[in-house]
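What follows is a single structure, written as structure tokens, with notes after it.
2 protein chains.
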Amino acid sequence: MNIYDELKHNLADETLCAVATIVSGAANLGAKVLVYPDGRVRGDLGNASLNAEVMRDAQRLMQVEKSVNRVYGDAEIFIEVFAPKPKLIIFGGVHTAIPLTQFAQALGFRVTIVDGRGRFATRERFPSADEIIVAWPDEAIAQIKIDASTYVAILTHDPKFDIPALKALSATHPRYIGSMGSRETRKQHFAELRAAGVTDEFLATVHGPIGLDIGARTPEEMALAIIAEIVAVRYGRSGSFLSERSE
Amino acid sequence: MNIYDELKHNLADETLCAVATIVSGAANLGAKVLVYPDGRVRGDLGNASLNAEVMRDAQRLMQVEKSVNRVYGDAEIFIEVFAPKPKLIIFGGVHTAIPLTQFAQALGFRVTIVDGRGRFATRERFPSADEIIVAWPDEAIAQIKIDASTYVAILTHDPKFDIPALKALSATHPRYIGSMGSRETRKQHFAELRAAGVTDEFLATVHGPIGLDIGARTPEEMALAIIAEIVAVRYGRSGSFLSERSE
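Respectively, the protein sequence lines represent chains A and B. If you use our numbering, the first sequence corresponds to residues 662 to 908, in order. If you use our numbering, the second sequence corresponds to residues 662 to 908, in order.
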């Protein structure tokens with residue numbers, strides 16, 4: 662499979678990748694590599710250290726879904742990131758999940774609702790959701806593709822669901838996991854998860870309490886805080902006031 | 662007019678105020694004062710220093726729209742804040758204003774669109790807006806009630822509109838003003854406004870660049886960054902990640 666075939670396959674399959682092409686300044690114009698988030702490289706730019714440097718830059722750019730034109734020595738290289746549509750998996754068909762689905766879809770996310778309780782995860786409550794899965798967290802996670810374009814919000818607020826969800830997610834690599842609940846609840850849940858073999862490294866990646874600090878009180882405000890945090894993480898930003906950023 | 666009549670009038674008139682009532686621990690149970698954001702007090706709790714202390718606390722609570730029960734010496738006092746529905750005035754019927762109207766209404770804001778250009782401020786573009794005003798900024802501001810529950814987003818991104826809007830707003834007291842544009846643009850506009858007699862004190866209150874730092878790229882993401890900043894200001898919060906807040 663050549664690079665173009667593989668790229669075409671990635672686009673169809675919604676796989677995050679980047680293509681780096683020499684566009685000026687070098688003899689081998691048009692030479693290109695295809696790079697994946699895990700560092701795999703297909704193709705050759707003509708020298709091994711350039712391949713490695715471009716690979717590392719492409720990895721960083723994939724993290725924030727940004728394409729750039731950059732000069733390496735004499736060669737001008739265009740690194741184009743092909744990011745699939747972002748996906749939001751919401752655990753818990755609770756009230757906050759309703760405005761969160763609306764906001765996320767307005768922002769271009771594909772939204773999946775997961776709840777073990779059939780009366781919460783219904784088409785009546787979530788008329789626009791892209792997918793509704795009535796299943797326990799581990800069963801649901803087994804049937805969902807979770808990758809670097811997947812964002813997970815755990816809103817169940819019940820250890821019966823939260824703990825199995827985090828345990829099952831610990832074997833996957835989503836871009837973001839956020840979980841409701843106070844620091845105290847979090848501490849208790851994490852102790853149980855550690856006892857069940859979940860690593861500290863994984864637990865440190867879980868955002869909790871979930872959301873930006875906007876003082877959210879209503880379910881709609883909670884949903885706003887959560888989706889704003891997800892977009893901030895997506896693009897590698899802090900969420901604080903732009904007007905207070907030193908520059 | 663007694664306190665209850667005045668409160669009833671304030672509710673009908675959408676005027677922010679607070680009522681503080683002695684609910685326990687003192688002889689004069691039920692004594693109450695009505696407090697306004699500017700420090701005006703109606704009624705008497707039975708002693709002047711208590712009136713003054715409660716007035717200051719009520720002012721702070723009105724700022725974040727929060728009711729509390731608090732003990733002052735022997736007296737337990739319930740301070741109840743009566744906050745009107747928040748209002749968002751958007752200057753500029755630009756693309757970002759469309760999702761901003763939707764998000765703001767989902768969060769309970771009454772939304773007014775103002776644009777001098779009739780082709781932008783149309784019912785077709787803003788089917789759900791509570792009010793659409795086709796007028797220049799100063800004309801529009803003359804006919805809108807702007808108070809402590811009013812939030813203003815200037816999205817025109819054109820000095821012809823931005824500068825007159827900020828000049829006219831400098832005579833009013835909204836809860837929030839945010840304005841599009843880079844730091845450089847802002848500097849130039851502010852120099853013109855200072856030359857026209859607008860104070861530094863007012864200019865320092867203008868949030869710019871507008872919005873939270875979430876890396877917004879699309880109009881929908883810009884709208885998200887703006888409404889999230891407005892809610893953070895409404896409740897006196899920082900907007901940064903809750904999970905990173907030290908506690």
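Cβ coordinates follow ideal geometry from the N, Cα and C atoms, glycine included.
Could you tell me which chain B residues have their CB closer than 8 Å to the CB of residue i, listed as they occur along the chain?
i, result
"Ser-901 of chain A", "Leu-873, Asp-874, Ser-899, Gly-900 and Ser-901"
"Pro-760 of chain A", "Ala-767"
Which residues of chain B have a Cβ atom closer than 7 Å to the Cβ of residue i, listed in chain order?
i, result
"Glu-890 of chain A", "Phe-902"
If the cut is a Cβ gap below 8 Å, which residues of chain A does residue i touch?
i, result
"Gln-763 of chain B", "Ala-767"
"Leu-885 of chain B", "Phe-764, Leu-768, Leu-885, Ile-888, Ala-889 and Val-892"
Take residue i and list the residues in its own chain whose beta-carbon comes closer than 8 Å to its own, dropping the five residues that flank it on each side.
i, result
"Ala-744 of chain A", "Leu-677, Met-723, Glu-726 and Ser-810"
"Asn-689 of chain A", "Ile-683, Leu-706 and Gly-707"
"Ala-803 of chain A", "Ala-829"
"Ala-692 of chain B", "Thr-682, Ile-683, Gly-704, Asp-705, Leu-706 and Gly-707"
"Thr-866 of chain B", "Ile-838"
"Ala-856 of chain B", "none"
"Leu-668 of chain A", "Cys-678, Val-680, Leu-695 and Phe-743"
"Val-894 of chain A", "Tyr-812, Arg-836, Tyr-837 and His-868"
"Asp-735 of chain B", "Gly-686 and Ala-687"
Counting only the same chain and skipping the five closest in sequence on each side, list residues whose C-beta sits under 6 Å from that of residue i.
i, result
"Ser-685 of chain A", "Glu-737"
"Glu-675 of chain B", "Pro-745"
"Pro-835 of chain A", "Ile-807, Thr-811 and Val-813"
"Arg-771 of chain B", "Lys-746, Lys-748 and Asp-791"
"Arg-847 of chain B", "Gly-869"
"Ser-831 of chain A", "Val-859 and Phe-863"
By DSSP, does residue i sit in helix, in strand, or in coil?
i, result
"Glu-737 of chain A", "strand"
"Leu-873 of chain A", "strand"
"Leu-677 of chain A", "coil"
"Ser-904 of chain A", "helix"
"Lys-669 of chain B", "helix"
"Val-742 of chain B", "strand"
"Val-894 of chain A", "helix"
"Ile-805 of chain A", "coil"
Mind listing the chain C neighbours of residue i? Cutoff is C-beta to C-beta under 8 Å, in chain order.
i, result
"Glu-882 of chain A", "Although the question refers to chain C, the structure presented lacks it and instead comprises the protein chains A and B."
Quick one: measure Cβ to Cβ for residue i and residue j, integer angstroms, because I've assumed they're closer than 8 Å.
i, j, result
"Ala-782 of chain B", "Ile-887 of chain B", "The Cβ separation is near 18 Å, so there is no contact."
"Ser-901 of chain A", "Ser-901 of chain B", "4 Å"
"Leu-711 of chain B", "Phe-752 of chain B", "So it is not a contact: roughly 43 Å between Cβ atoms."
"Pro-870 of chain A", "Ser-843 of chain A", "7 Å"
"Pro-747 of chain A", "Gly-769 of chain A", "7 Å"
"Leu-864 of chain B", "Ile-875 of chain B", "The pair is not a contact, with the Cβ atoms about 25 Å apart (cut-off 8 Å)."
"Ala-681 of chain B", "Val-696 of chain B", "7 Å"
"Val-715 of chain A", "Val-729 of chain A", "11 Å between Cβ atoms; not a contact."
"Ile-793 of chain B", "Arg-784 of chain B", "6 Å"
"Gly-777 of chain B", "Trp-797 of chain B", "5 Å"
"Ala-719 of chain B", "Ile-740 of chain B", "5 Å"
"Ile-759 of chain B", "Arg-717 of chain B", "Contact flag wrong, Cβ pair sits at about 42 Å."
"Phe-764 of chain B", "Phe-764 of chain A", "7 Å"
Leaving aside the five residues before and after residue i along the sequence, list all residues of the same chain whose C-beta is less than 7 Å from its C-beta, in chain order.
i, result
"Met-883 of chain B", "Thr-757, Gly-872 and Ala-877"
"Ile-805 of chain B", "Ile-750 and Thr-773"
"Gly-897 of chain B", "Gln-724 and Val-725"
"Thr-833 of chain B", "Ile-802 and Ile-807"
"Glu-853 of chain B", "Ile-824"
Along chain A, which residues have their Cβ under 7 Å away from the Cβ of residue i?
i, result
"Tyr-896 of chain B", "Ile-875 and Gly-876"
Since residue i meets chain A, which of its residues come closer than 9 Å, beta carbon to beta carbon?
i, result
"Arg-906 of chain B", "Pro-870 and Asp-874"
Problem - Every unbroken alpha helix (DSSP H) within the segment 757-799 of chain B, with a cutoff of 4 residues, ordered by chain - result: The segment 757-799 of chain B contains these whole alpha helix (DSSP H) runs: 758-767.
Problem - Sequence ranges, beta strand (DSSP E) only - wholly within the segment 812-867 of chain B, length at least 3 - result: Whole beta strand (DSSP E) segments, 3+ residues: 837-840.
Practice task
Enumerate, from N- to C-terminal direction, the unbroken alpha helix (DSSP H) stretches of 4 or more residues contained entirely within the segment 688-736 of chain B.
Solution key: Fully enclosed alpha helix (DSSP H) runs of 4 or longer: 709-725.
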